[in-house]
């Protein structure tokens, strides 16, 4: 399967269509009301709405998961929907699109914010009547009114028009709980379990189940081959489902046969329907435990995490887990809209990766079962995206998540022989480019996340990066490192060669800093020098990073920097120029501060004009990629912070405010593109805080804070970001102090922030002298 085909190409296939359901742009909350004076947000859960980012069109689809989940939860139970564009993949990467009005089923595993489909398995649908001619969950899909839909961290509800069934969902890490309410006086209800249910591009190749009426439970498993997991042959999911009440009848089916009474089924197109006599409360309650490892573990996960039938208790327990995480950033001031954007972003930062290790610590990866001792094993890691913002965010705000991430990646590398690029479920999808795990390891280690086998992890990463002979198992993301070492760049005979070179150079810088922290000075010197290799692709005639062939000649003539060609990964020449790890080097190549600033301003101003012509709303005009600055994709999202690194911090302050204001809202269309496991969300969180990371290093670039006060709990204390005069007009920084000491440049180090302290910004309506220098 071509990697991420849907994300790269599919939206372009429908640009000729003409309209889109307007409801996806609806505001989720009451009209915005500014706060009269800076007051602290007492309950961040009030402002976190999982539906933000669940709309948008084409490349502007946020792909947010709106259902019920615990932080890093395996069980992500939510609606899979259909609407005016059926179930077309590029709108349904999370199973749901905000413009839809039909629920196909409630399924139990989902990705968040990705640009490819997978999961969406084990579909469950409550119904008012079972018909033998319709024996799949989508056969009972139901229209719903958006006004009945509610979502909050760990909870989702909607009323299905078919049967007027009020469905509520909540979840723990490894289990889901359902409560389906029927109209008062309803005597009978039914639930369809569709083991064949999946999202587009997937297939359930085998499934089986056994009903145990006396125990009021169902045990089963299925094998799913998804759009990404198909890269390693798919994965098994084991489940145990329990019903609060005994069912009075069961219809089972498999292999295309008509439903019949029975207690088991196996094969393909497998499922069953349970019928219940409803009591006075007219409710059907279910709970389902999940595991990638075994049936026994699915049972233990369920019994440990949801031991009773207290739906509200389960919901409250998960809400508390979310409240603890969201409470690490305490906000003062801001409008109601800004607060919703902020806390919805913070919520999305912890939806992925997925904690797939069971309650006993066991997990499966690459066909090998192991036990996670002292950490949670995390899969579903969109590393090419998340290394840019999510990794640094965890290193600062959630070091336990950073620890779990690096320990998990090291375990994967021990099993397979290489670090993965995109691990999902129980294996490596192999999609995207670069050795992004190198940046993750380095970023975590040099920022104090040291409770993992750093030497062992470094040795595996180094082997893939320098050995002339492929290591056992391969090189993972370093698959083209041999020509990279030979030529000083990846040649154009390799697809996406310019982007490969850029990624490898950033990976090399990170490995160099990792080596330095480990005391490996020779390696540090070698990798730091290699980190300049992207400069070998700079063309002074055009002023861009371009692909070269083995002979050292630039290819693609005439060259068009606006063209998204095969030489770049999801990008063009404009997007790819601003090498995040080497902004001063790029400025030097362009001729210094003035030409660098002029070119970067042009890049952003062209995007401003484009966005005015094609605003990010739910329509086809916003579906196509942006030829200039493109916040809906990762390669250039750091670009506005380049100004501050060449002595024009005032322009960083101007443009990051524009990026945030133009690309983030509290609507379903509130993200500029796929959130990619929280990547765009963490961009906003850092930017709103007034500082932004250079991933794989200990450096943060200062920008402009959005709120008068923000407190961030970190390992060594609390960071207090103060900007008492900040407003929609006062966006320019006049001066900055750290613990009362004036800063002379727009930069701060992790070692300072991690101990806690006060970062004070004096703000004004016009550019100030801070961070502004002349050559």
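Numbering (the working numbering), first residue to last: 19 to 793. Just so it is clear, CB atoms sit at the ideal spot from N, CA and C, and this is done for glycine as well.
N-terminal and C-terminal residue of the beta strand (DSSP E) that residue i is part of
{"i": "residue 307", "result": "301-309"}
{"i": "residue 544", "result": "Taken as a continuous stretch (DSSP letters only), residue 544 belongs to no beta strand (DSSP E), being part of the alpha helix (DSSP H) at 539-548."}
{"i": "residue 348", "result": "347-350"}
{"i": "residue 194", "result": "193-199"}
{"i": "residue 98", "result": "94-100"}
{"i": "residue 602", "result": "Careful: residue 602 lies outside any beta strand (DSSP E), inside the alpha helix (DSSP H) at 601-608."}
{"i": "residue 755", "result": "750-756"}
{"i": "residue 553", "result": "No beta strand (DSSP E) holds residue 553; DSSP gives it neither H nor E."}
{"i": "residue 515", "result": "First-last for residue 515: 515-535, but that is the alpha helix (DSSP H), not the beta strand (DSSP E)."}
Distance between residue j and residue i (C-alpha atoms, nearest Å)
{"i": "residue 587", "j": "residue 456", "result": "19 Å"}
{"i": "residue 470", "j": "residue 425", "result": "6 Å"}
{"i": "residue 90", "j": "residue 162", "result": "28 Å"}
{"i": "residue 573", "j": "residue 509", "result": "10 Å"}
{"i": "residue 196", "j": "residue 176", "result": "12 Å"}
{"i": "residue 544", "j": "residue 531", "result": "11 Å"}
{"i": "residue 741", "j": "residue 525", "result": "35 Å"}
{"i": "residue 345", "j": "residue 170", "result": "15 Å"}
{"i": "residue 706", "j": "residue 777", "result": "13 Å"}
{"i": "residue 684", "j": "residue 548", "result": "43 Å"}
{"i": "residue 728", "j": "residue 343", "result": "15 Å"}
{"i": "residue 110", "j": "residue 787", "result": "47 Å"}
{"i": "residue 41", "j": "residue 657", "result": "Only weak support exists for where residue 41 lies, its pLDDT of 34 falling under 50; the coordinates are left without a value."}
{"i": "residue 414", "j": "residue 738", "result": "14 Å"}
{"i": "residue 48", "j": "residue 355", "result": "Only weak support exists for where residue 48 lies, its pLDDT of 37 falling under 50; the value from the coordinates is given anyway. Rounded to the nearest angstrom, the two C-alpha atoms are 9 Å apart."}
{"i": "residue 218", "j": "residue 686", "result": "22 Å"}
{"i": "residue 634", "j": "residue 97", "result": "25 Å"}
{"i": "residue 506", "j": "residue 551", "result": "6 Å"}
{"i": "residue 192", "j": "residue 370", "result": "14 Å"}
{"i": "residue 664", "j": "residue 372", "result": "39 Å"}
{"i": "residue 437", "j": "residue 448", "result": "10 Å"}
Residue i - containing alpha helix (DSSP H), residue span
{"i": "residue 763", "result": "Unbroken run through residue 763: none, as it is neither H nor E."}
{"i": "residue 565", "result": "Segment: none, residue 565 is in no alpha helix (DSSP H) and carries neither H nor E."}
{"i": "residue 428", "result": "417-434"}
{"i": "residue 614", "result": "611-631"}
{"i": "residue 674", "result": "667-681"}
{"i": "residue 357", "result": "354-366"}
Pick from the options that is closest to residue i, judged by C-alpha positions
{"i": "residue 622", "options": "678, 572 and 578", "result": "678"}
{"i": "residue 72", "options": "372, 99 and 643", "result": "99"}
{"i": "residue 379", "options": "214, 520, 311 and 230", "result": "311"}
{"i": "residue 131", "options": "761, 156 and 74", "result": "74"}
{"i": "residue 791", "options": "611, 418 and 704", "result": "611"}
{"i": "residue 282", "options": "228, 302 and 614", "result": "228"}
{"i": "residue 289", "options": "349, 357 and 210", "result": "210"}
{"i": "residue 690", "options": "726, 648, 730 and 673", "result": "648"}
{"i": "residue 785", "options": "774, 770, 760 and 750", "result": "750"}
{"i": "residue 542", "options": "484, 594 and 516", "result": "484"}
{"i": "residue 5", "options": "212, 429, 563 and 178", "result": "Past the edges of the chain, shown from 19 to 793, lies residue 5, and the structure says nothing about it."}
{"i": "residue 570", "options": "603, 594, 614 and 501", "result": "501"}
{"i": "residue 666", "options": "650, 602, 631 and 692", "result": "602"}
{"i": "residue 252", "options": "357, 347 and 385", "result": "385"}
{"i": "residue 128", "options": "319, 416 and 242", "result": "242"}
{"i": "residue 695", "options": "146, 368 and 558", "result": "368"}
{"i": "residue 715", "options": "59, 463, 120 and 669", "result": "463"}
Expected contact under 8 Å - CB spacing of residue i and residue j to nearest Å
{"i": "residue 189", "j": "residue 93", "result": "4 Å"}
{"i": "residue 181", "j": "residue 300", "result": "Wrong, their Cβ atoms sit about 11 Å apart, outside the cutoff."}
{"i": "residue 407", "j": "residue 704", "result": "6 Å"}
{"i": "residue 263", "j": "residue 269", "result": "Not really, about 17 Å apart at Cβ, beyond 8 Å."}
{"i": "residue 697", "j": "residue 708", "result": "The Cβ separation is near 19 Å, so there is no contact."}
{"i": "residue 445", "j": "residue 383", "result": "7 Å"}
{"i": "residue 244", "j": "residue 220", "result": "4 Å"}
{"i": "residue 594", "j": "residue 517", "result": "6 Å"}
{"i": "residue 730", "j": "residue 659", "result": "Incorrect: roughly 19 Å between the Cβ atoms, too far for contact."}
{"i": "residue 246", "j": "residue 134", "result": "5 Å"}
{"i": "residue 499", "j": "residue 522", "result": "7 Å"}
{"i": "residue 213", "j": "residue 140", "result": "7 Å"}
{"i": "residue 297", "j": "residue 287", "result": "Incorrect: roughly 33 Å between the Cβ atoms, too far for contact."}
Check: residue i C-beta below 8 Å from any heavy atom of the ligand GTP
{"i": "residue 230", "result": "Within the structure as shown, the ligand GTP is missing, as the structure has no ligands at all."}
Problem - Segments of 4+ residues assigned as alpha helix (DSSP H) that fall wholly inside the segment 697-741 - result: Within the segment 697-741, the complete alpha helix (DSSP H) runs of at least 4 residues are 697-707.
Practice task
Let me know the beta strand (DSSP E) ranges lying completely inside the segment 257-339, each 3 residues or longer, listed in chain order.
Solution key: Within the segment 257-339, the runs of beta strand (DSSP E) at least 3 residues long that lie entirely inside it are, in chain order, 267-271, 282-285, 289-295 and 301-309.
Handout entry: Complete beta strand (DSSP E) runs within the segment 146-218 (minimum length 3 residues, chain order)
Key = Every beta strand (DSSP E) stretch that sits fully inside the segment 146-218 and reaches 3 residues is listed by chain position as 168-170, 173-178, 183-189, 193-199 and 206-212.
Problem - Start-end ranges of the alpha helix (DSSP H) lying completely within the segment 455-511, minimum 4 residues - result: The segment 455-511 contains, as complete alpha helix (DSSP H) runs of 4+ residues, the segments 472-484 and 499-505 (chain order).
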